[in-house]
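Peer 1:
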Amino acid sequence: MIIYGASGHSKVIIDIIRSGRHGTIDYIIDDNLEIRSLLGLPVLHKLPEDENQEIVYAIGNNHIRKELSEKYPVKPVKALIHNSAIISEYSEIMDGSVVMAKAVVNASAEVGEHCILNTSCIIEHDVMIGNFAHISPGTVITGGVRIGEGTQIGAGASVIPGINIGKWATIGAGAVVINDIPDNAVVVGNPGKIIKYNTHQNG
2 MIIYGASGHS KVIIDIIRSG RHGTIDYIID DNLEIRSLLG LPVLHKLPED ENQEIVYAIG
62 NNHIRKELSE KYPVKPVKAL IHNSAIISEY SEIMDGSVVM AKAVVNASAE VGEHCILNTS
122 CIIEHDVMIG NFAHISPGTV ITGGVRIGEG TQIGAGASVI PGINIGKWAT IGAGAVVIND
182 IPDNAVVVGN PGKIIKYNTH QNG
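Residue numbers for the sequence shown, in the working numbering: 2 to 204.
(1) For proline 192 and chain C, any beta-carbon pair shorter than 8 Å?
(2) Is it buried or exposed for glycine 173, if we count other Cβ within 10 angstroms and need 16 for buried?
(3) Would you say the beta carbon of cysteine 122 is closer than 7 Å to some non-hydrogen atom of the ligand GDP?
(4) Straight-line CA distance for glutamate 71 to valine 178?
(5) For glycine 204, does the three-state DSSP call read helix, strand or coil?
(6) Do you know offhand how far asparagine 119's Cα is from aspartate 27's?
(7) Compute the distance between the beta-carbons of aspartate 127 and serine 109, then report whether it is under 8 Å.
(8) Check histidine 23 in the structure and name its three-state DSSP category.
(9) Comparing alpha-carbon positions, which option in Lys12, His115, Ile88 and Pro162 lies nearest glycine 145?
(10) What are the boundary residues of the beta strand (DSSP E) that leucine 45 is part of?
(11) Is it the case that the Cβ atoms of leucine 283 and valine 44 are separated by a distance below 8 Å?
(12) Since lysine 194 is in the beta strand (DSSP E), which residue starts that stretch and which ends it?
Put into structure tokens, the structure is as follows:
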């Protein structure tokens, strides 16, 4: 298994792999030539041409994670799930996604590819999360919520049941979302209000 990215986020993913039954990490890839190792693992600076390798992108930025997955046609790892996370057997988490310590994913929730479910977030029943989304630490996503591709939900934010949040939106830390949110919107506050729109648009 290859980890792409030698950042703090990568350290958390290494913890997940080492604490569970996710196989062995062969090495880390990073563009920074000054980084030679991370938590005892070698850091290389070029992706080798090995079609049998699997990769996880340890990149917090949703746009970059998508760009890398499209640039390098390497098979993504099966979802990496910390052994303290609580995952319903009736949920689905797609390849390339990572689930941090003490996260909860309840029945009939669906999580797309290359997503981040960060520490202690709660994903309730029937939630659907698009590819490349990032659900930050301590967030609460209640039942039936839809979250579009690439959207970032900030730390400690809450979304009430049945809300639809568009693609590549940003929900600020601690926000309480009580209305549907369009693509690319930036939302802050309680109740959450749109303050601007992201200019970097994907998809």
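Note that CB positions come from ideal geometry on N, CA and C, so glycine has one too.
Peer 2: Per the coordinate set shown:
(1) Note that chain C does not occur in the displayed structure, where there is just one protein chain.
(2) buried
(3) The model depicted lacks the ligand GDP and carries no ligand whatsoever.
(4) 31 Å
(5) At glycine 204 the pLDDT is 48, less than 50, meaning the model places this residue with poor confidence and gives no usable figure here.
(6) So the two alpha carbons sit approximately 24 Å from each other.
(7) yes
(8) coil
(9) Pro162
(10) 42-45
(11) In the structure displayed, the chain extends from 2 to 204; residue 283 sits before or after that span and is not available.
(12) 194-198
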